[in-house]
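Here the structure is laid out as structure tokens; the discussion comes afterwards.
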Amino acid sequence: MLRYSDNGLGNPNEVIDKIFEQFFTTNRQSGGSGLGLHIVYNLVTHKLNGTIHCESVIGEGTTFTMEIPLENRV
């Protein structure tokens, strides 16, 4: 398991619900394409047979948790 957390502003549920969608971004004006987390999601779930989950608390930060199996099981 890999967990990444920050202590930033956090994100509302409306953002978390869409955070892995292709082209979804809250930073388009700053050059965000909305592809980064979509690519990560596809790599983790489709190529590595794992899971990725995002939790966020407004005013406390955001946490991403990835679980990737050590070996592929058929």
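Read the sequence shown against this note's numbering and you will find it ends at 328, with the numbers running on by one and no gaps. Beta carbons: idealized from backbone N, C-alpha and C, even for Gly. Owing to the predicted nature of the structure, the values given are computational and were not obtained by experimental measurement.
Please classify residue 274 as buried or exposed, where buried requires at least 16 neighbouring CB atoms within 10 angstroms. Under the 10 Å beta carbon count, residue 274 is surrounded by 16 or more other beta carbons and is classified as buried.
Are residue 256 and residue 321 touching if we call contact CB-CB under 9 Å? With contacts defined by Cβ atoms closer than 9 Å, residue 256 and residue 321 form a contacting pair.
Presumed contact (8 Å Cβ cut-off) between residue 306 and residue 299, rounded CB distance: Residue 306 to residue 299, Cβ: 7 Å. Contact.
Candidates 312, 325, 319, 318: which alpha carbon is nearest residue 267's? Residue 312 holds the alpha-carbon nearest to the alpha-carbon of residue 267 among 312, 325, 319, 318.
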